[in-house]
Amino acid sequence: MENRITELFKIKYPIIQGGMIWCSGWELAAAVSNAGGLGIIGSGSMYPEVLKEQIKKLKANCDKPYAVNIPLLYPNIDDHIQTIIDEKVPIVFSSAGNPKKYTPILKKYGITVVHVVSSSKFALKSAEAGVDAVVAEGFEAGGHNGREETTTLVLIPQVVEKLNIPVIAAGGIANGKAMLSAFALGAEGVQMGSRFVCSTESSAHDNFKKKVIETEEGETILTLKELAPVRLIKNEFYNKLEKVYGNKEGVDSIKQLLGRGRAKKGMFEGDLIEGELEIGQVSGMLNDILPASEILEQIIKEFNSSRAELSKLSDL
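Numbering-wise (the working numbering), the sequence shown opens with residue 1381 and increments by one.
Pasting the structure below:
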């Protein structure tokens, strides 16, 4: 399977693992890359020294291309950028901010840059900033959601129509059939977060992984739009958040309730009651925890079989 994305990243399959905070350490990134996809270290939950250690461990266990995801609103962003340059990271996925400042700096060192967007407007701005590709992520996703709430099915063709650079589809994609659908809309790659949360190598707590595969349709909801829109599994923390909204207490009260380390408490430490549990809508379709290599194998097998089945359809 060859296209502009496999050529750009020098990978076998156009499948990219999402750089989810607290879930995307070096073990997962290495496993995905070694299996032919593109693994990503999620740096948004890491101190600068932790990111450096994670990159070194990945390079010691993987000789394939890999990437680092950087939320551009991260307080130590300059330290992360310097670490990426020093460690000669080949690919960077930026998100949650404007890529205009850092894209030229990274590309000066030969680093491939991809930016995550939630609208065709920001996709165009990213292309103007000089990125090599964009991830267009629909409303179904767990993180990096747009306030416009545009679904993946609607977003992808609009972004593809406006750009000349490759588009990677994200949001609600967890199997080969969804991947094929994204390709039919014009995407040349897919990024999957929730599916890889439920992998053996994911750094998410086992409690969180099990909760994700138990989550059913309708049990996640997009919230925290005033800060950074994320999709959460409904739990006791979410119920408290809803009371704040119901009482119209404002942003300060939301920030106070959220506090520090709420996402770490839920996803990394496994507190299913008071933790913030970020995951995509597609969690309702997930029912197992597998090694990353098996996940990729299943996706490619289903993609190919679904494509073969469609080819049998007679013309309408």
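All residues carry an ideal CB built from backbone N, CA and C; glycine is no exception.
It should be emphasised that the depicted structure is a prediction, and the values quoted were computed from it without experimental measurement.
Contact under 7 Å by Cβ, residue i with residue j
{"i": "Gly1552", "j": "Thr1532", "result": "yes"}
{"i": "Ile1401", "j": "Ser1425", "result": "yes"}
{"i": "Ala1672", "j": "Val1472", "result": "no"}
{"i": "Ile1435", "j": "Cys1578", "result": "no"}
{"i": "Glu1658", "j": "Val1610", "result": "yes"}
{"i": "Val1515", "j": "Val1496", "result": "yes"}
{"i": "Lys1390", "j": "Asn1414", "result": "no"}
{"i": "Ala1549", "j": "Ile1536", "result": "yes"}
{"i": "Asn1456", "j": "Pro1428", "result": "yes"}
{"i": "Val1534", "j": "Gly1566", "result": "no"}
{"i": "Ser1574", "j": "Gly1405", "result": "no"}
{"i": "Val1448", "j": "Ile1491", "result": "no"}
{"i": "Gln1538", "j": "Ser1506", "result": "no"}
{"i": "Gly1518", "j": "Ile1385", "result": "no"}
{"i": "Ser1498", "j": "Gly1526", "result": "yes"}
Residue i to residue j span [Cα, whole Å]
{"i": "Ala1513", "j": "Gln1571", "result": "12 Å"}
{"i": "Lys1697", "j": "Ser1663", "result": "Because the chain spans 1381 through 1696 in this model, residue 1697 falls outside it and cannot be assessed."}
{"i": "Gly1419", "j": "Ser1475", "result": "16 Å"}
{"i": "Ile1485", "j": "Pro1479", "result": "10 Å"}
{"i": "Lys1488", "j": "Leu1621", "result": "43 Å"}
{"i": "Gln1636", "j": "Leu1604", "result": "13 Å"}
{"i": "Leu1693", "j": "Val1547", "result": "27 Å"}
{"i": "Leu1453", "j": "Ala1608", "result": "10 Å"}
{"i": "Asp1632", "j": "His1460", "result": "29 Å"}
{"i": "Phe1576", "j": "Glu1682", "result": "17 Å"}
{"i": "Asn1587", "j": "Glu1594", "result": "11 Å"}
{"i": "Val1624", "j": "Asp1458", "result": "35 Å"}
{"i": "Leu1504", "j": "Glu1528", "result": "16 Å"}
{"i": "Glu1597", "j": "Lys1614", "result": "12 Å"}
{"i": "Ala1688", "j": "Lys1557", "result": "11 Å"}
{"i": "Ala1409", "j": "Gln1678", "result": "18 Å"}
{"i": "Ala1509", "j": "Gly1477", "result": "12 Å"}
{"i": "Glu1638", "j": "Ser1685", "result": "As written in the sequence, residue 1638 is Leu, which differs from the Glu given in the question. So the two alpha carbons sit approximately 45 Å from each other."}
{"i": "Met1559", "j": "Leu1612", "result": "23 Å"}
{"i": "Lys1468", "j": "Lys1439", "result": "10 Å"}
{"i": "Arg1642", "j": "Val1494", "result": "28 Å"}
{"i": "Glu1629", "j": "Glu1674", "result": "46 Å"}
{"i": "Glu1606", "j": "Leu1690", "result": "43 Å"}
{"i": "Ile1680", "j": "Arg1640", "result": "39 Å"}
Secondary structure of residue i, DSSP reduced to three states
{"i": "Glu1658", "result": "strand"}
{"i": "Tyr1446", "result": "strand"}
{"i": "Arg1642", "result": "helix"}
{"i": "Leu1431", "result": "helix"}
{"i": "Ala1516", "result": "strand"}
{"i": "Met1572", "result": "strand"}
{"i": "Ala1584", "result": "coil"}
{"i": "Ser1506", "result": "helix"}
{"i": "Arg1687", "result": "helix"}
{"i": "Leu1602", "result": "strand"}
{"i": "Ile1491", "result": "coil"}
{"i": "Leu1676", "result": "helix"}
{"i": "Pro1451", "result": "strand"}
{"i": "Leu1670", "result": "strand"}
{"i": "Val1592", "result": "helix"}
{"i": "Ser1498", "result": "coil"}
Cβ neighbours of residue i in the same chain (closer than 8 Å, five flanking residues each side left out)
{"i": "Glu1616", "result": "Ile1653, Glu1654"}
{"i": "Glu1649", "result": "His1585, Gly1655"}
{"i": "Lys1645", "result": "Asp1651, Glu1654, Gly1655, Glu1656"}
{"i": "Lys1589", "result": "Val1577, Cys1578, Ser1582, Ile1669"}
Neighbourhood of residue i by C-beta distance below 7 Å, restricted to the same chain and skipping five residues each side
{"i": "Asp1665", "result": "The displayed chain sequence assigns Met, not Asp, to residue 1665. Excluding positions up to five away in sequence, the list reads Ala1554."}
{"i": "Gly1416", "result": "Ile1391, Lys1392, Tyr1393, Leu1676"}
{"i": "Thr1388", "result": "A quick correction: the sequence has Leu, not Thr, at residue 1388. Taken in chain order, the residues that qualify are Thr1492, Asp1512, Ala1513, Pro1546."}
{"i": "Lys1542", "result": "Ser1500, Ala1503, Leu1504"}
{"i": "Ile1465", "result": "Tyr1489"}
{"i": "Thr1483", "result": "Val1493, Ala1509, Gly1510, Val1511"}
{"i": "Ala1562", "result": "Ile1536, Ala1549, Ile1553, Val1570"}
Contacting residues, own chain, Cβ-Cβ under 6 Å from residue i (five flanking each side not counted)
{"i": "Pro1470", "result": "Pro1445"}
{"i": "Glu1407", "result": "Glu1581"}
{"i": "Lys1432", "result": "Thr1463"}
{"i": "Tyr1618", "result": "Leu1612"}
{"i": "Cys1442", "result": "Ala1410, Ser1413, Asn1414"}
{"i": "Lys1591", "result": "Leu1652"}
Write down every uninterrupted run of the beta strand (DSSP E) in the stretch 1539-1563 whose length is 3 residues or greater and which is fully enclosed by it, in chain order. 1547-1550
I'd like the ranges of any alpha helix (DSSP H) spanning at least 4 consecutive residues and lying wholly in the stretch 1387-1428. 1406-1414
Let me know the beta strand (DSSP E) ranges lying completely inside the stretch 1607-1636, each 3 residues or longer, listed in chain order. 1610-1613
Within the stretch 1451-1487, ranges of the alpha helix (DSSP H) (whole runs, at least 4 residues): 1457-1466
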